[in-house]
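First residue of the sequence shown: 1, per the numbering used here; consecutive thereafter.
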Amino acid sequence: MQTITTLPNAAPAPLFTLRGVCKRYQRGDETVTIFDRLDMDIAEGAFLAVMGPSGSGKSTLLNLLGGIDRVDAGELRFRGERIDAASEAALSRWRAAEVGFVFQQYNLLPMLSVARNVELPLMLTRLSGAQRRERVATALELVGLAAQAQRLPSQLSGGQQQRVAIARAIVADTGLILCDEPTGNLDRAASDEILQTLQVLNQEFGKTIVMVTHDPRAAAVAGRRVVLEKGRFIAEGEAPVQAPAPAVALAA
Ligand code: ADP
Ligand code: MG
């Protein structure tokens, strides 16, 4: 006789759980409250867009999720484990294993080749040179830049540089990509390429993506959107995942 030991519909633990998260900054002798008891869950495999006016705490939220800033109070859990209380050393190991970052300004090192830039997150791992090169080749292939591996960042367009940054964010095969206005410096065609790449990473490779954006077109590709204002979520919406419109419209 068979017994059912698992519940097929049991919800998995969220990737992130925030409970009562508080974050403040000191500005002179004034204390600025960014988050006051923020609660939030982020599901594994989500593609979440975070919107809101400048100064509303979007980057702060990404920094907290990525373990490059600390909550002042409350709990921040990753797969059920508290990371708010982790030591600096544990946090940086966790970050290397779990988190990829993509920034508006690409943050590539100008004197290193594309391949060397992408390889950087692997330099602290135990992978051999051959293994690192293979990972770099796979990541560059994925973003469509295999042919540019030996170029310098300055020889690439902005959109290509951002794709290098995405390759760097995924090269260590982390499950989470945190993007801070990844299309903020790009024209529409380049933005669409970045958004399509992020969609592929989310849908085909199961990466969880949290993307801060001002761009409604970027937000439209995300499965879930939240709007931050004055340290609170003021709106939230689910959206059917849709491809961005073609970058080049055919003339009538
Ligand atoms: P957003 O990304 O939504 O524009 P941020 O998260 O960068 O907003 O910043 C939220 C608020 O916190 C802003 O008022 C900003 O000036 C302040 N802030 C951010 N980082 C610091 C810091 N390291 N020290 C002091 N104030 C900060
Ligand atoms: Mg910001």
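Positions of the beta carbon are idealized from the N, C-alpha and C atoms, including for glycine.
For GLN26, the CB falls within less than 8 Å of some heavy atom of ligand 1. Burial state of ILE234 is exposed, judged by a 10 Å Cβ sphere holding fewer than 16 other Cβ atoms. Between ligand 2 and LYS58, a heavy atom-to-CB distance of less than 8 Å is present.
By DSSP's assignment, GLY158 forms no beta bridge with any residue. The straight-line gap separating the alpha-carbon atoms of GLU75 and VAL171 is approximately 29 Å. Taking C-alpha positions only, ARG70 is separated from THR31 by approximately 16 Å.
With a beta-carbon spacing of about 5 Å, ARG224 and LEU48 fall inside the 8 Å limit used to define contacts. Residue side-chain check: GLY55 places its Cβ nearer than 8 Å to a non-hydrogen atom of ligand 1.
In this structure, the CA atom of ASP192 is about 22 Å from the CA atom of VAL118.
When only Cα atoms are considered, GLU236 and GLN161 end up about 31 Å apart. Between the alpha carbons of THR208 and ILE177 lies a distance of about 6 Å. Looking at the DSSP output, GLU30 sits in a beta bridge with ARG27. Setting aside the 5 residues that flank it on each side, SER56 is surrounded in the same chain by LEU228 and GLU229, each with a C-beta closer than 6 Å to its C-beta; the list follows chain order. When C-alpha distances from GLN105 are compared across ALA146, LEU186, ASP41 and ARG37, the shortest belongs to LEU186. Comparing C-alpha distances from TRP94 to each of GLY67, PHE101 and GLY80 shows the shortest one belongs to GLY67.
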